[in-house]
Amino acid sequence: MSIQEVSMLKSEDSKEEKEESVMDQEELWDIYKEIKTRTGEKKWKRETEHYEMQVECLFEKMTKDGNGGFNNEMKVKMVEALREDEREI
């Protein structure tokens, strides 16, 4: 094998390694984005559950005071208000 042939083989190997490296980086980036999305969804769910519990507690207190019950639409609005309130802090 001549030096020129060896040099060509090395450049082809190097090119393949770079392509694999780029693919690996893209795969890692996709995995990172997926993890970030799932983490955000879990955080959103936890926060929503937290706010819903606060709203339930408020409803119980209001019902005990004789203010009557509220429908789900009002409950959703209160959860949104609590979430917005917390963002401002």
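Residues in the sequence shown are numbered from 76 upward in steps of one, following our numbering. All residues carry an ideal CB built from backbone N, CA and C; glycine is no exception. As the structure is a computational prediction, the values presented were derived from the model and not from experiment.
Task: Within 7 Å, strictly: CB atoms of residue 107 and residue 158 - done: The answer is no: Cβ separation not under 7 Å.
Open item on the list: Can you give me the C-alpha to C-alpha distance between residue 154 and residue 121, rounded to a whole angstrom?
Closed with: 13 Å
Task: Whether residue 150 touches residue 130 by CB criterion (7 Å) - done: yes
- [ ] Give me the Cα-Cα distance between residue 102 and residue 112, rounded to the nearest whole angstrom.
- [x] 15 Å
- [ ] Give me the Cα-Cα distance between residue 161 and residue 109, rounded to the nearest whole angstrom.
- [x] 27 Å
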